Amino acid sequence: MKFIHLFFLCFMLNLLNGQDIDNSSWILSDFNINSESHASLISDFATPIKANFQTNSDKYFFSTSPCDTSSGEIILDKENATFTFLIIGTTLGGCNEESGDKSQLLQEIVTKHNDFYNFYNSGTSFRYQILEENENAPKTLVLINSNNDSATYFIDVLSLSGNTSVSSFSIHPNPVQDNITITSKVSIENAHCTILNISGKIIKSYNGLNENTINVSALEKGMYFIKITTDNTTVITKKFVKI
Numbered sequence: 001m002k003f004i005h006l007f008f009l010c011f012m013l014n015l016l017n018g019q020d021i022d023n024s025s026w027i028l029s030d031f032n033i034n035s036e037s038h039a040s041l042i043s044d045f046a047t048p049i050k051a052n053f054q055t056n057s058d059k060y061f062f063s064t065s066p067c068d069t070s071s072g073e074i075i076l077d078k079e080n081a082t083f084t085f086l087i088i089g090t091t092l093g094g095c096n097e098e099s100g101d102k103s104q105l106l107q108e109i110v111t112k113h114n115d116f117y118n119f120y121n122s123g124t125s126f127r128y129q130i131l132e133e134n135e136n137a138p139k140t141l142v143l144i145n146s147n148n149d150s151a152t153y154f155i156d157v158l159s160l161s162g163n164t165s166v167s168s169f170s171i172h173p174n175p176v177q178d179n180i181t182i183t184s185k186v187s188i189e190n191a192h193c194t195i196l197n198i199s200g201k202i203i204k205s206y207n208g209l210n211e212n213t214i215n216v217s218a219l220e221k222g223m224y225f226i227k228i229t230t231d232n233t234t235v236i237t238k239k240f241v242k243i
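Shown next, in the form of structure tokens:
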């Protein structure tokens, strides 16, 4: 099974080499360690865990924070779709905010997170691949470490340049139990609407949005994204919580 998984990842890496990840933010959806998926663990936690890539004065930086923040400079090789930790530091004491079952989930995630990234060794390298958005999934980033374990992220749509979610529209109530009402400064008539869960999976899709109310009563409790694309290709995105 692991051979098949690695074959697919290597094939996609060859296909997608050279794509940029600098100046982008991604939300974790799965760790696959020793051929075991941990997507359900991350989904149950229901709080976004991000990986950020930034550029500053021809230098590249990476940061991620399931609770403590690990960040620092990386060497990014776009031609070969790899990056290597140059200097990475980790803050301490940030893992005490959760309680009960969520605290246990967080500790499990932190353990998998640290096993995958191996922050304490400078020179740790990763391959990466970017899968473009399609009708079944958002834009996706897959990182592969030296043990051929993988971490899968989907694009943080709220971080994209050109996203007009704050200025263009609002949704209420939020949290929501039954119906979301959209208040918009731009026309959303005949717009395309997509609802994604915290793992980036498309839950519902509407090819025409002729009313400003969407019924979400059938959704399970948790955090979701609503993404609306208007006729003039303006993309507006918002997070909401189903209770």
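Be aware that the sequence shown starts at 1, since it is given in full-length UniProt numbering, and climbs by one per residue.
No residue lacks a Cβ here, since even glycine has one placed at the ideal position from N, Cα and C.
This structure is a prediction, so every number in the text was calculated from the model and none was measured.
Whole-angstrom distance between residue j and residue i, CA atom to CA atom
{"i": "S204", "j": "L196", "result": "Here residue 204 is Lys; the residue named in the question, Ser, does not match the sequence. The straight-line gap from Cα to Cα measures roughly 7 Å."}
{"i": "A151", "j": "I87", "result": "21 Å"}
{"i": "P173", "j": "I75", "result": "44 Å"}
{"i": "K221", "j": "S57", "result": "43 Å"}
{"i": "T181", "j": "N121", "result": "49 Å"}
{"i": "residue 261", "j": "Q177", "result": "Since the first residue shown for the chain is 1 and the last is 243, residue 261 is missing from the structure and cannot be characterised."}
{"i": "I27", "j": "V241", "result": "16 Å"}
{"i": "T55", "j": "K227", "result": "27 Å"}
{"i": "T194", "j": "N212", "result": "14 Å"}
{"i": "N163", "j": "S184", "result": "No answer about N163 holds up, because its pLDDT of 49 lies below 50 and its placement is not dependable."}
{"i": "T230", "j": "K102", "result": "37 Å"}
{"i": "E108", "j": "P138", "result": "26 Å"}
{"i": "I202", "j": "H192", "result": "13 Å"}
{"i": "V166", "j": "Y128", "result": "Any reading at V166 must be qualified, since the residue scores a pLDDT of 45, below 50, and its modelled position is unreliable; the value itself is stated next. One C-alpha to the other measures close to 31 Å."}
{"i": "G72", "j": "F45", "result": "26 Å"}
{"i": "L106", "j": "A51", "result": "16 Å"}
{"i": "T124", "j": "M223", "result": "33 Å"}
{"i": "S43", "j": "I49", "result": "10 Å"}
{"i": "Q104", "j": "K239", "result": "25 Å"}
{"i": "P66", "j": "V110", "result": "6 Å"}
{"i": "Y206", "j": "F85", "result": "42 Å"}
{"i": "N190", "j": "S217", "result": "22 Å"}
{"i": "S63", "j": "G89", "result": "9 Å"}
{"i": "F53", "j": "T237", "result": "21 Å"}
Whether residue i touches residue j by CB criterion (7 Å)
{"i": "D68", "j": "T91", "result": "yes"}
{"i": "D149", "j": "F116", "result": "yes"}
{"i": "Y60", "j": "D20", "result": "no"}
{"i": "S25", "j": "D156", "result": "yes"}
{"i": "N179", "j": "N215", "result": "yes"}
{"i": "S29", "j": "F225", "result": "no"}
Neighbourhood of residue i by C-beta distance below 7 Å, restricted to the same chain and skipping five residues each side
{"i": "F126", "result": "T82, F83, L143, I144 and N145"}
{"i": "S170", "result": "T183"}
Proximal residues to residue i (C-beta, below 8 Å), its chain only, five neighbours per side dropped
{"i": "K112", "result": "F31, I33, H38 and L41"}
{"i": "I243", "result": "P175, V176, Q177 and K221"}
Sheet register partners of residue i (DSSP bridge)
{"i": "Q54", "result": "F61"}
{"i": "S24", "result": "F53"}
{"i": "L196", "result": "I202 and F225"}
{"i": "K239", "result": "F225"}
{"i": "N215", "result": "N179"}
{"i": "N32", "result": "S37 and S150"}
{"i": "E82", "result": "The question names Glu, yet the displayed sequence has Thr at residue 82. According to DSSP, which records beta bridges pairwise, T82 is partnered with D77 and R127."}
{"i": "I88", "result": "G72"}
Same chain only: Cβ atoms within 6 Å of residue i, ignoring 5 sequence neighbours per side
{"i": "T140", "result": "L131 and F154"}
{"i": "D77", "result": "none"}
Contact test: residue i Cβ vs the ligand PLP heavy atom, cutoff 6 Å
{"i": "N52", "result": "No copy of the ligand PLP occurs in the structure displayed, which carries no ligand at all."}
>> Quick check on the DSSP output: what are the complete alpha helix (DSSP H) runs of length 4 or more inside the segment 99-130, in order along the chain?
In response: 100-117
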